[in-house]
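*Asks:*
Residue numbers (the numbering used here), protein chains in the order written: chain B, 1 to 140; chain X, 1 to 408.
(1) Return the CA-CA distance between residue 251/X and residue 131/X, expressed in angstroms with no decimal places.
(2) Given that residue 142/B touches chain X, what residues does it touch there, using C-beta distances under 9 Å?
(3) In its own chain, which residues sit with a C-beta less than 6 Å from the C-beta of residue 176/X, not counting the 5 before and 5 after it?
(4) So what does residue 362/X bridge to, in DSSP terms?
(5) For chain B, find out if any of its Cβ atoms is closer than 9 Å to the Cβ of residue 377/X; answer yes or no.
(6) Can you pull out the residues from the stretch 45 to 63 of chain B whose beta carbon lies closer than 9 Å to at least one beta carbon of chain X?
(7) With 7 Å as the limit, tell me which residues of the stretch 360 to 374 of chain X have their beta carbon closer than that to any beta carbon of chain B; keep them in chain order.
(8) Thinking C-beta only, is residue 286/X closer than 9 Å to residue 56/X?
(9) Interface residues of chain B around residue 348/X at Cβ under 7 Å?
(10) Cα separation between residue 104/X and residue 120/B?
(11) Checking the sheet assignment: what are the DSSP bridge partners for residue 336/X?
(12) Any Cβ of chain B within less than 9 Å of the Cβ of residue 344/X?
(13) Let me check understanding here. Comparing Cα to Cα, which of 20/X, 21/X, 22/X and 39/X lies closest to residue 387/X?
(14) Quick one: grab the DSSP three-state call for residue 413/X.
(15) Between the alpha carbons of residue 336/X and residue 103/B, how many angstroms are there, rounded?
(16) From residue 402/X to residue 50/X, what does the alpha carbon distance come to, in whole angstroms?
(17) Which one or two residues does DSSP pair with residue 20/B in a beta bridge?
(18) Could one say the Cβ of residue 32/X lies closer than 9 Å to chain B's Cβ atoms, at least one of them?
(19) With a cut-off of 8 Å on the beta carbons, I'd call residue 125/X and residue 173/X a contact; round off their distance for me.
(20) With a threshold of 8 Å on Cβ separation, who are the neighbours of residue 159/X within its own chain once the five nearest residues in sequence on each side are excluded?
(21) Any beta carbon of chain X sitting closer than 9 Å to that of residue 133/B?
(22) May I ask you to report which of helix, strand or coil DSSP gives residue 1/B?
(23) With a CB to CB cut of under 6 Å and the five nearest residues on each side skipped, what residues in its chain are close to residue 407/X?
(24) Please identify the residue among 167/X, 74/X, 29/X and 221/X whose C-alpha is closest to the C-alpha of residue 359/X.
(25) Do residue 168/X and residue 197/X count as a contact pair if the criterion is CB distance below 9 Å?
(26) What are the uninterrupted segments assigned as beta strand (DSSP E) that are 3 or more residues long and contained completely in the stretch 14 to 100 of chain X, given in chain order?
(27) Please report the residue range of the alpha helix (DSSP H) in which residue 286/X lies.
(28) Can you list the residues of chain X that residue 37/B reaches, using a CB-CB cut of under 7 Å?
(29) Helix, strand or coil for residue 202/X, going by three-state DSSP, please let me know.
(30) Below 7 Å CB to CB, which residues in the same chain sit around residue 333/X once its five sequence neighbours on both sides are set aside?
(31) For residue 23/X and chain B, any beta-carbon pair shorter than 9 Å?
(32) Determine, for residue 124/B, whether the minimum Cβ-Cβ distance to residues of chain X falls below 9 Å.
(33) Indicate whether residue 410/X and residue 236/X have their beta-carbon atoms separated by less than 9 Å.
(34) Name, in chain order, the residues that DSSP records as bridge partners for residue 68/B.
(35) By the DSSP assignment, the alpha helix (DSSP H) with residue 106/B in it spans what residues?
(36) Would you give the residue range spanned by the alpha helix (DSSP H) that residue 214/X belongs to?
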C-alpha cells in the first residue's frame, strides 16, 4: 500500500467515531500495536526533543524500505507515534519525503499539530522526515 | 457551619473569562499558579488608559503625559503600600519576576569575587537558578544548594550549616510553584543576616495568597509578577532596600535612567529610574495597581480562608482515589496540589482533563531539580484561586476517574 492509501485507511477508521473519547480510546489501542524500539536504541540519541513525554524513534533500512520502531512513556503519545509509523513505515525514503501529513488533521487530532503543543507531534514528523533524508542519501 | 464572607457568585461574575467554554464544557481553570485570570475592573483600567490618556511618562510637559505619569506613580505608591516598603522609590517596576532577578544578578557581577558563596534552595523555579549560575560563571563565585526533604520542605538544619562568612547572597522562593510549600523566609532572612549575607525572595507564587511586609521581614530584595495576582502580563515589581539598590550598577542603558549624558560621561538617574531604562509597560503598571486594589478589596485573609478550604477539599478527595501520590505535604501550603496517578504519565492525564474543559498544568513546572529529587518526569498540578469552587473540584475528580479508566 502507498502512504496515501494507508492514510486514507486510517481516516476511514477514525471516521467511525462520534466523539473525542472514542478517538482517544482507539488511539490508545493503536499505541499497543506499535512496533517497539529495541532497548539498545532507547538512548538520548533517539529521543525526540520538544515533547513533554519521552519519545524514542529508530529507523533502519531493509532493502530499499525504511522500517521504523518507537516507544513513549506516555500512552497518548505512544498512540500518536504509532499512527505515524503505520503511515510511514515500510516505505521508500523518497515516498516518505514526498508525503504530506494532512491526514492528522482529518482524524480529529488537529490540536496536536500546533508547533507549540507539548506532545511534539510536529517534532516527530520532522524526525521521521530527517531519517528519510539520511537514508535517501545513502541509497543515492 | 463556618461563615464564608465570600459571595463567590458575585466574585466569579467579575471575571469574564470564567463564562467561556473549552471543548464544549464550561471552563474549570486550575492553572492559577501559572497565571491568574483578570477581573473586569483591571481590564477596564487598561482599556481606559489606551482610550483616554495614552502618553509617554516622565518626559512630556503636556497634559496627557502628566496624567499618565501621575497614574503610573500612584500605582507605584499602591504597590509600595501593599508590600509596606518604606519608600516608593524602593519599588522598581519590571517586566516580571525574571526581570527583577536578572537586575540583581547582573548588579552583583561587579560586587562578587571568586569563591564567594551563594545559596539557592532545592525547590526553586529555573528563573531563580539560571541567573545565579550565570553570575557564578562570570565571577568565580560558588553556588550551593539548600536541600529539601521528602515532604517538600527545606532542610533548615542543612541551611544553618551551609551559612558562613563566605555566604554573600541567599535565594529562596516564598512559596514553591511546583509544591505550594510556604518557606520559613523570616527565619531564613534572619539567619542570613547574621553572617552578613543578603537575601532575595522570589515572591511570585506567594503574592496572590500572602501579603508580604518587606519591612517586617527585613528582606533585602523581593520580586513578584503582576499576572499572578489578577494583573496583566509583562509587569512586575522588584523591591530593594534603598542603600542596596544605590550600590548596584544599572542593568540596562537607555532613556529615562540617566541624569546627564555627554559623550565623555553619563551620570545615572536616582532610584527608581536608574533601573527603569526605556519606556515601561505604562498601562501594565497602572493595571498592577488596580489589581492590588481589587484583591485588597476582597481581603487577603478572606482569600486565604477560601483557598485553604479548596486545598483541604481537593487533597481529601484526591487521596480517596487509588494510586494517587501527592507531592509536597508541608504543614503550611498555598492552594496547590501536585500529584501523579500510579503507572500513568502526567501528560496523558492532562490531555484527557483538557478534553473535559479542565485546565491543569503538567510537566516539570520549570523546577526540574524537584522532579529529579522525587525521580519523576513531572506532576499534574492543580492550583486554585479565590474564584474557584468545590463544585469545580468535583468536576476535576470526576474527569480524573474517567481519565484513569481510559488510561489504565
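Note that beta-carbon positions come from the ideal geometry of N, C-alpha and C, so glycine has one too.
*Replies:* Based on what the coordinates show:
(1) 13 Å
(2) The question about residue 142/B has no answer here: the residues shown for chain B are numbered 1 through 140.
(3) 123
(4) Answer is 380/X.
(5) yes
(6) 51, 52, 53 and 54
(7) 362 and 363
(8) no
(9) 74, 75 and 76
(10) 35 Å
(11) 383/X
(12) Chain B contact via Cβ: present.
(13) 39/X
(14) Nothing about residue 413/X can be reported from this structure: the residues present for chain X run from 1 to 408 only.
(15) 39 Å
(16) 46 Å
(17) Its beta-bridge partners do not exist; DSSP assigns none.
(18) Cβ-Cβ to chain B under 9 Å: no for residue 32/X.
(19) 7 Å
(20) 119, 146, 188 and 191
(21) At a cut-off of 9 Å, the C-beta of residue 133/B has no neighbouring C-beta in chain X.
(22) coil
(23) 344 and 348
(24) 29/X
(25) yes
(26) 91 to 94
(27) 282 to 298
(28) Neighbours of residue 37/B on chain X: none; closest Cβ ~17 Å, over 7 Å.
(29) strand
(30) 180, 181, 182 and 311
(31) The beta-carbon of residue 23/X is placed less than 9 Å from the nearest beta-carbon of chain B.
(32) no
(33) Any property of residue 410/X remains undetermined from this structure, which presents chain X solely from 1 to 408.
(34) 59/B
(35) Where residue 106/B is concerned, there is no enclosing alpha helix (DSSP H), given that its DSSP letter is neither H nor E.
(36) 214 to 217
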